[in-house]
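For the sequence shown, the working numbering gives the first residue as 1, with consecutive numbering after it. Even glycine gets a Cβ: it sits at the ideal position worked out from N, Cα and C. Treat the numbers as computed from the prediction; the structure is a model and nothing was measured. Presented below is the structure to which this report refers.
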Amino acid sequence: MELNPCRNPVVGSMRPPGDKSVTHRAILFSALAQGESAVIRPLVAADTLASRRLVESLGVRVVEDRDRWILQSPGPGAWPAPAGAIDCANSGTTMRLAMGMLAAGPETRELQGDPSLSSRPMERVAAPLRAMGLEVQTTAGHAPVRVHGGPHHGIDYLMPVASAQVKSALLLAAVSGSGPTAITEPRPTRDHTERMLQAMGARVECARRVITVWPSSLRPAVVQVPGDPSSAAFWAALAALTAGSELTLENISLSPRRIGFYRVLEAMGARITIKETSAVPEPVGDMTVRPGLLHGVVIAGGDIPDMIDEVSLAAMVATQAQGETVISGAEELRVKESDRIHATVESLRSLGAHIEEQPDGMVIYGPTPLHGGRVNASGDHRIAMMLAVASAVARGPVTLDGEESVAISYPEFFAQYGQWAQGRGL
Ligand code: S3P
């Protein structure tokens, strides 16, 4: 698609799409709780539809009623026999969380994915599940994976990587185990699973970096899905970069584990104000972003989990900031939907950015004017949207290939972007 430079200020209020992580969990966890759960304002996108198909294969009946999905689950004791492999498409969250969930049923189930998902590491989940006494097979460390549900015990596990997906898979398996499980994270990651399991009646204790969960029988929940700070971040970046902007993101998750990108934007010089409207079960509220004189910052390993899906966007913003931005400790980005370090560096450099690739991050020297050119999203929704923001600040037209990947998390993105670019507001 052709994207033209655009300096329209980003003014007004918007309600970003539903949070992807919360929607996945609300859908998936419903299969573990016999009875009727509800998800209010779910994200409807390719990734969360993969989770929906997965629970439907476990006998969950999903009915859509205006802005909510009602999920009627038979409970793990009555999951039907498997009818072929379950397709998780591009969704790492679906596959990894399901690996833990499927421990609860007595059957053997196979999970498969598209070529991108099949290239991502799965032993990080399989190995600790085996340590719990489960039989799990990967295909040379990748999908397809097979999980044999059945009796298993608790473990004490020190996670080698900071990953909310791995943590969540283990917590889910632990719920149907025979004793407590304690998981220690190298760095805190998003805690939606802990909070949602508590709301569903599980005994979960969180003390610093250790999460302990006891075998529990879960009751159905009604989950209100807040706006997704990861999807809203593209608009926040545009507002921070464009003179005259004043953007209010309504009803977004303000979980400290999710808004690291906004802290970085503020440290760079953007002006951000936050109004929390509710704290339970997760902090939610409105955030207003205004531009400022942006300068380079240091983004280190400890900052990364709280902005794991926004690092490429931070690098793009840094191309327009005064001075050097150093991003390190971000090697996990190499095993996302694409190798995001490489995809970010190559695409931004081809538009004129002064950016260097490092094994665990990148260094950006700004400000550099970006010029037009041809770039590819590398099959990665977050790279596609980052490049749309880059094309707005560029001085010539950008041809973006692979824009359809936004269907993974934000199907309406380019329609909204086009409306803004035509001066018709948000
Ligand atoms: C997610 C965790 C993160 C994130 C992904 C969603 C989740 O992945 O990148 O988009 O919902 O738990 P990792 O756990 O692999 O870091």
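Determine the burial state of residue i: buried for a count of at least 16 other Cβ atoms within 10 Å of its Cβ, exposed for fewer.
i: K336; result: buried
i: V298; result: exposed
i: D303; result: buried
i: G396; result: exposed
i: P115; result: exposed
i: M165; result: Sequence check: residue 165 is Gln here, not Met. Result: buried.
i: A78; result: exposed
i: V22; result: buried
i: N376; result: buried
i: D65; result: exposed
i: G423; result: exposed
i: R7; result: exposed
i: P305; result: buried
i: E356; result: exposed
i: V125; result: buried
i: P151; result: exposed
i: R374; result: exposed
i: V63; result: exposed
Counting only C-beta atoms, is residue i closer than 8 Å to chain D at any point?
i: T277; result: No chain D appears in the structure shown, which is made up of a single protein chain.
Helix, strand or coil: which one does DSSP assign to residue i?
i: I355; result: strand
i: T319; result: coil
i: S312; result: helix
i: D182; result: The residue you asked about is not Asp; residue 182 is Ala in the sequence shown. Strand, per DSSP.
i: I304; result: coil
i: W69; result: strand
i: I155; result: coil
i: K336; result: coil
i: I408; result: helix
i: I259; result: coil
i: V389; result: helix
i: L218; result: coil
i: V22; result: helix
i: Q224; result: strand
i: T242; result: coil
i: G12; result: strand
i: D401; result: strand
i: L294; result: coil
i: R61; result: strand
i: D87; result: strand
i: E123; result: helix
So, residue i versus residue j, is the Cβ gap smaller than 8 Å?
i: G366; j: G402; result: no
i: M268; j: A233; result: no
i: P229; j: R258; result: yes
i: H142; j: S119; result: yes
i: P128; j: I86; result: no
i: S13; j: E250; result: yes
i: G100; j: L197; result: no
i: I274; j: M287; result: yes
i: V147; j: L134; result: yes
i: T31; j: S73; result: Looking at the sequence shown, residue 31 is not Thr but Ala. Yes.
i: S231; j: T189; result: no
i: T93; j: H192; result: no
i: A98; j: L43; result: no
i: S312; j: R340; result: yes
i: P226; j: V284; result: yes
i: V398; j: L348; result: no
i: V10; j: L254; result: no
i: T325; j: G301; result: no
i: R41; j: G18; result: yes
i: Y157; j: A140; result: no
i: P369; j: E331; result: no
i: G113; j: C88; result: yes
With which residues is residue i paired in a DSSP beta bridge?
i: M287; result: L249 and I274
i: H148; result: T108 and E135
i: Y365; result: E324 and H354
i: H142; result: T139
i: N376; result: D401
i: G35; result: S73
i: A207; result: V210
i: I428; result: The structure shown does not extend to residue 428, since the chain spans only 1 to 426, so no value can be given for it.
i: L3; result: V398
i: I383; result: DSSP output for I383 lists no bridge partner at all.
Relative to the ligand SAH, is the shortest distance from any of its heavy atoms to the C-beta of residue i smaller than 7 Å?
i: S378; result: The model depicted lacks the ligand SAH and carries the ligand S3P instead.
Is the region 214 to 228 close to the region 46 to 53, with three or more CB pairs under 8 Å? no
Mind the definition here: the region 54 to 74 touches the region 283 to 302 only if three or more C-beta pairs lie below 8 Å; say whether that holds. no
Say whether the region 205 to 212 touches the region 101 to 119, bearing in mind that this needs 3 or more beta-carbon pairs closer than 8 Å, one atom from each stretch. no
I'd like to know if the region 412 to 425 and the region 339 to 348 are in contact, where contact means that at least 3 CB-CB pairs between them fall below 8 Å. no
Just checking, does the region 22 to 41 make contact with the region 239 to 246 on the three C-beta pairs under 8 Å criterion? no
Are three or more beta carbon pairs between the region 377 to 391 and the region 355 to 369 nearer than 8 Å? no
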